[in-house]
């Protein structure tokens, strides 16, 4: 009960209910949960290339590549930069993106003392500078900035854009900003409408 | 009390409170409200060009032009199509748009029996075909589709796009679709993320 109560969103009563549920459940079910929790810490690691999460076995040097970096079907010349593995999962669920990723593990936030050194920025720039660090040895030709459309996300994007612009041959894009599909114009706020007007796109 | 209770969102108790408030208020205040309500029906009409709302006096033929159509500072070669006057007001509040509008007064909705004939589509196409119907006699060079990013809005956009594509010299654009500014990627739905990936834009 004490261990369950340490989890986020689990209060004393919920912890009690969970503990009694395990007490009543067959040993296999309890052991499966116990093993899954232990496995997370043992088997799940960050991809040595893009920092995505992976449960693939590490090689002798302790490095592991994720499913996406290992997939030869993906477009290895395109790299989408996101803040967190969660963002990568959300984008993967659309099934629209066929390139590789790079997870920054946060965003630049001077107020919290987080600069590029606290993130995986050097790994990202390494992949831009040395194609052999990229899966398949493919040079990056398009860098897509997929950071959150927030103040800190935009600041981080600006920094990465400046770094990338020093490297010729890399096209830098960002995820589109505008009206969310399914929304109503009259309820959109000014910033969203201003983006929608400024970034308007040709239709054919 | 009965009249107030007919208004949307005003129940029996609110109507009572409003009625007693008027009973207690000085005659000038009550008359000002009474006059404002009468004036709406008498003075507010649709602009004879773009169907925006206006309180300008009508000419001998009963036609009136709104502030926007009358403003020579606006870019009269650009026309932004919206569904409702409310949408126009929301876009104007951004201060980002300097062209003219055309209010459709709805959207094409076959299930509700609303086709182009029930809307102001013929007025819109007239303005595209005959520059002299447009303020200042300026030909329209850019048509911006600003309908809601919904199923019916998209259907209406498609219809207008086809009509405009038959008219050479008109560039057709639509308001940008993507992540709303200030949002979080991980909470965006699949359709929004798919738009954001597909419509990604070059940054410089």
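Residue numbers (the numbering used here), protein chains in the order written: chain A, 6 to 209; chain B, 6 to 209. Just so it is clear, CB atoms sit at the ideal spot from N, CA and C, and this is done for glycine as well. If you're wondering where the values come from, they're calculated on a predicted model, not measured in any experiment.
- Residue pairing for residue 80 (chain A): DSSP places it in a beta bridge opposite A:104.
- Residue ranges of uninterrupted alpha helix (DSSP H) with 4 or more members, entirely inside the region 106 to 154 of chain B and ordered along the chain, are 126 to 134.
- By the CB criterion at 8 Å, residue 72 (chain B) and residue 59 (chain B) fall inside the cutoff.
- Going by DSSP, residue 161 (chain B) is part of the alpha helix (DSSP H) stretching over 156 to 170.
- Annotation: the continuous beta strand (DSSP E) that includes residue 177 (chain A) extends over 176 to 179.
- With a threshold of 8 Å between beta carbons, residue 188 (chain B) makes contact with chain A.
- Here the alpha carbon of residue 165 (chain A) sits roughly 13 Å from the alpha carbon of residue 122 (chain A).
- By the criterion of a C-beta distance shorter than 7 Å, residue 193 (chain A) is surrounded in its chain by 184, once the five residues flanking it on both sides are discounted.
- Distance check between residue 80 (chain A) and each of A:89, A:17, A:139 places A:139 closest, using alpha-carbon atoms only.
- A contact between stretches requires three or more CB pairs, one per stretch, nearer than 8 Å, and the region 172 to 184 of chain A fails this requirement with the region 110 to 118 of chain A.
- Residue contact check for residue 92 (chain A) against chain B: a CB pair falls below 8 Å.
- Within the model, the alpha-carbon separation for residue 119 (chain B) versus residue 150 (chain B) is close to 19 Å.
- In terms of beta-carbon proximity, residue 126 (chain A) stays away from the interface with chain B, with every pair separated by 8 Å or more.
- Taking the C-beta atoms as reference points, residue 147 (chain B) is found no nearer than 8 Å to residue 99 (chain B).
- At a cut-off of 8 Å, the C-beta of residue 164 (chain B) has no neighbouring C-beta in chain A.
- Here residue 66 (chain B) is exposed: its Cβ has fewer than 16 other Cβ atoms, across all protein chains shown, within 10 Å.
- Judged by beta-carbon spacing, residue 152 (chain B) lies within the 8 Å limit of residue 87 (chain B), meaning their Cβ atoms are closer than that value.
- Residue 6 (chain B) has its alpha-carbon roughly 47 Å from the corresponding atom of residue 78 (chain B).
- Contact between residue 96 (chain B) and residue 202 (chain A) holds, with the beta-carbon distance rounding to 7 Å and staying under 8 Å.
- Excluding residues up to 5 positions away in sequence, 81 lie with their Cβ nearer than 6 Å to the Cβ of residue 141 (chain A) in the same chain.
- Approximately 6 Å separates the beta-carbon atoms of residue 200 (chain B) and residue 181 (chain A); this is inside 8 Å, confirming the contact.
- With 16 or more neighbouring CB atoms inside 10 Å of its own CB, residue 90 (chain B) falls in the buried class.
- The beta-carbon of residue 106 (chain B) is placed no less than 8 Å from the nearest beta-carbon of chain A.
- Using a Cβ-Cβ cut-off of 7 Å, residue 200 (chain A) is close to 181, 186 of chain B, given in chain order.
- Per DSSP, residue 26 (chain B) is one residue of the alpha helix (DSSP H) stretching across 17 to 29.
- Across the region 139 to 151 of chain A, CB contacts with chain B closer than 8 Å involve 149, 150, 151, in sequence order along the chain.
- When Cβ-Cβ separations below 8 Å define contact, residue 110 (chain B) makes no contact with chain A.
- For residue 33 (chain A) and residue 42 (chain A), the gap between their C-alpha atoms comes out near 14 Å.
- For the region 65 to 77 of chain A, there are no residues whose beta carbon sits under 8 Å from a beta carbon of chain B.
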